[in-house]
Each structure stands twice: as C-alpha cells, then as structure tokens.
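Colleague: Using this note's numbering, you'd call the opening residue of the sequence shown number 103 and step up by one each time.
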Amino acid sequence: MASSSSPSKQLRSSSQQLGDMAFKGVGNLLKVLPTGTVFFYVGNDGVTHYGIATTKGLWPSSKSENLSAYKLRFGDFVHGFFTVLVFAVIVLLDPNTVGCYYPSFQSSQKVLLMALPPVVGAISSSVFMIFPNKRHGIGYPSSQTPQEYSQSSS
103 MASSSSPSKQ LRSSSQQLGD MAFKGVGNLL KVLPTGTVFF YVGNDGVTHY
153 GIATTKGLWP SSKSENLSAY KLRFGDFVHG FFTVLVFAVI VLLDPNTVGC
203 YYPSFQSSQK VLLMALPPVV GAISSSVFMI FPNKRHGIGY PSSQTPQEYS
253 QSSS
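#1: Quick check on Ser115: buried or exposed, where buried means 16 or more other Cβ atoms within 10 Å of its Cβ?
#2: Mind checking whether Leu174 and Thr185 have CB atoms under 8 Å apart?
#3: Look at the alpha carbon of Ala224 and the alpha carbon of Leu218, and state the distance between them as a whole number of angstroms.
#4: Quick test of the definition: if touching needs 3 or more C-beta pairs under 8 Å, does the segment 206-217 touch the segment 226-240?
#5: In three-state DSSP terms, what is Thr150?
#6: Please list the segments of the alpha helix (DSSP H) lying wholly inside the segment 175-236, counting only runs of 4 or more residues, in order along the chain.
#7: To the nearest angstrom, how far is it from the Cα of Asp147 to the Cα of Glu167?
#8: Any chance the CB of Leu169 is under 7 Å from a heavy atom of the ligand FAD?
#9: Nearest-angstrom Cα distance between Val144 and Gly153?
#10: Quick one: grab the DSSP three-state call for Leu120.
#11: Using only alpha-carbon positions, find the residue among Phe233, Leu160, Met231 that is nearest to Leu169.
#12: Give the straight-line distance between the Cα atoms of Lys212 and Lys236, rounded to the nearest whole angstrom.
#13: If you draw a straight line from the C-alpha of Asn198 to the C-alpha of Phe189, how long is it?
#14: Here's the rule: buried if 16 or more other CB atoms are within 10 angstroms of the residue's CB, otherwise exposed. What is Ala155?
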C-alpha cells in the first residue's frame, strides 16, 4: 500500500522551490536596477545601517553622523525617469504584450515596434554612462564613508 502523502510533499516542495526561485529573481532584478531609494552605509561604529533617501539625507538617520551627503539629487530623478522609460518600453512593446492587448498596432506600426526599444536603450545607456550613479543600494557593498561620498559627488 503506497503512501498518499509523498506526492503532496513533492508538490509542496516544488511549489516552495518555485517561490524561492521567484524571490531570488526579484532580488536579482532589484540588484540590477540602476536606481533605488533604500540604501545602506557603514557607520563610524562599523555597523551597517539602512535608510531611505530623502531630500534632507537618509531616514532614519543616526544622530551622531551627518548623512546629508546621501540626500536625493537631480541626477537621482534623471536615473529614475530613464529606468522607468526603459521598463515601460520593454514591457509595453514586447511582442507578446502587443499581440495580446493591441494586435492592430503590431501590423500597422511594425517599424516603431522594432526601432523604439533599441533607440531608448541606447539613449538610456548613454545617459547612465555619462552620468553614473554613485549610490549603493541593497545588494551592492558600500566602500565609502559619508565623508568620502560627499567629496566624490561634489
């Protein structure tokens, strides 16, 4: 007589593996994105601290350290805009998305669908290369103190 619990354990373990793979994929995506608002720094005490970038610095901030060097700047918004633009072009002009949501556009605007993603990608890549972002989000180790960061971003 075979046990009926083994297939459910196999199903459960495969669904757990699928969930783990999904979380790892999202984590890797967050590492690759060039912008973000949650950052970390190594304080004077040698401990890693996390915070959200605001116009005044990182929040919540340590009272003993001046974290105004990490405040949001114009370049952060430029990086954010181009990141959203690249994401929108990739998602909205994907052949599967176009075929599903607006199939008539696929036949009438084929040149636009083929030319726009590489053009947006080239422009965005150029902006990211010319104006690099010096921030370290989650998944990227910080190698600078707040004082070094403020001197290099000036």
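Note that beta-carbon positions come from the ideal geometry of N, C-alpha and C, so glycine has one too.
Modeller: For this structure:
#1: exposed
#2: no
#3: Looking at the backbone, the Cα of Ala224 and that of Leu218 are separated by about 10 Å.
#4: no
#5: strand
#6: 176-194, 197-203, 205-210, 212-232
#7: Spanning the two alpha carbons is a distance of roughly 10 Å.
#8: Among the ligands in the structure shown, none appear at all, so the ligand FAD cannot be discussed.
#9: 11 Å
#10: It is helical.
#11: Selected option, being the one with the closest Cα: Leu160.
#12: If I take the Cα positions, the gap works out to 38 Å.
#13: 15 Å
#14: By the neighbour-count criterion, in which 16 or more other beta carbons inside 10 Å mark a residue as buried, Ala155 falls on the buried side.
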